[in-house]
Amino acid sequence: MKIKAGVAGTGSMGRNHARCYSLLENAELTAIYDQDIERARAVAEEFGGQAVSSLEELADLCQAVSVAVPTVVHREVGCTLMDLGCDVLMEKPIANSLDDARALIETSHQKDRILQVGHIERFNPVMRSLEERLTEPKFIEAHRLSPFPNRSMDIGVVLDVMIHDLEIILHLVKSPVASIDAVGVNVLTQREDIANARIRFENGCVANVTASRISPEKMRKLRVFQGDCYLSLDYQEQSGEMYWKEGMTIQKSQVEVEKDEPLKLELAAFIDCSAKGETPAVTGQHGAAALDVALEITNLINESL
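Next up, the structure:
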């Protein structure tokens, strides 16, 4: 049986969610909601389903809904949909504040609804290769650069872009944060457009994370160093290399990656969880933990702006 899926919010991300739902065998794109009904109609005409004018109509037609509205209304929209009986995939960041994140998590528990957070890189095929080889990371370096997107103006680059890598790093290190140093610069907006953070964990691991949304080039790379090897992964190209020591020489091999679209894999996993009532790979708690670190970095940067 196909799960009836819907999308709330028809910006660039919401449109992509609708497109991917239309490609999934285990989902039926049923309804599209946006405050601008004409935008909802345009997306529905392109990918299927019907445009609706309220969250109540959306929930009446759908079992699983992607929420891709501005971050400031994540709590309102997400809690309303879960109250109305929908499982929710909340685009990252989970919310604007930790209080809002906790409210979303609490509602999901009270209503026994699935709450998945859209940290898409967890579903990038290169992650599987990394997780298979990772034992004890000692140093992690992440770079996420892109040209100015002309969207997400309500948040800075940390909550918009860096949070992807923060969630991945927390997932890989599995240790409490001991300290954070951060610096950022606002260039085209009132919030930071370039940021760097150095995160020390209680187990001794150190992560150096750089994000920019005003770069002339696109880059999404992660490097992980541990005692027996060094892994270099390119999220964008879905490719990787592994280096290790043999005697006094450094050996290198390509990491085999079965390429696929991360968003499609993410939504397929969400629909599968909705169908089976299973816990998603990226829970509300995971999203809240990443938000907690991102907010601390943002606060440190704001002190110097």
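Following the UniProt record's numbering, the numbering of the sequence shown begins with 1 at its first residue and continues without gaps.
Even glycine gets a Cβ: it sits at the ideal position worked out from N, Cα and C.
Bear in mind that the values here come from a model prediction, so they are computed numbers and not experimental data.
Specify the secondary structure class of HIS119 as computed by DSSP and reduced to three states. coil
By alpha-carbon positions, which one of CYS229, SER215, LEU233 ends up nearest to ARG223? LEU233
Own chain partners of ASP87 with C-beta closer than 6 Å, once the 5 adjacent residues on each side are dropped: ALA64, ARG113, ILE114, SER274
Between which two residues does the beta strand (DSSP E) harbouring ASP234 extend? 229 to 234
### Test item: CB-CB of MET162 and GLU91 under 8 Å
no
Just to confirm the assignment: which complete beta strand (DSSP E) runs, minimum length 3, are found wholly within the region 219 to 280? Along the length of the region 219 to 280, whole beta strand (DSSP E) runs at least 3 residues long occupy 219 to 226, 229 to 234, 239 to 246, 249 to 255, reported in chain order.
THR283 - DSSP class collapsed to helix/strand/coil: strand
| said: At the level of alpha carbons, what is the spacing between VAL183 and ARG213? | reply: Taking the CA atoms as reference points, VAL183 sits about 15 Å from ARG213.
*asked:* Which residue wins for smallest C-alpha separation from LEU265, given the options ALA68, GLU57, MET127, ILE37?
replied: MET127
Next item on the list: Give the range of the alpha helix (DSSP H) segment to which ARG41 is assigned.
Entry: Looking at the DSSP string, the run of the alpha helix (DSSP H) that includes ARG41 is 37 to 47.
(message) Determine whether the beta carbon atoms of ARG191 and ILE155 lie at a separation below 8 Å.
(response) By the CB criterion at 8 Å, ARG191 and ILE155 fall inside the cutoff.
*Which residue comes first and which comes last in the beta strand (DSSP E) that contains PRO137?*
137 to 145
* Asked: Which partner residues of GLY184 appear in the DSSP bridge assignment?
  -> ALA195
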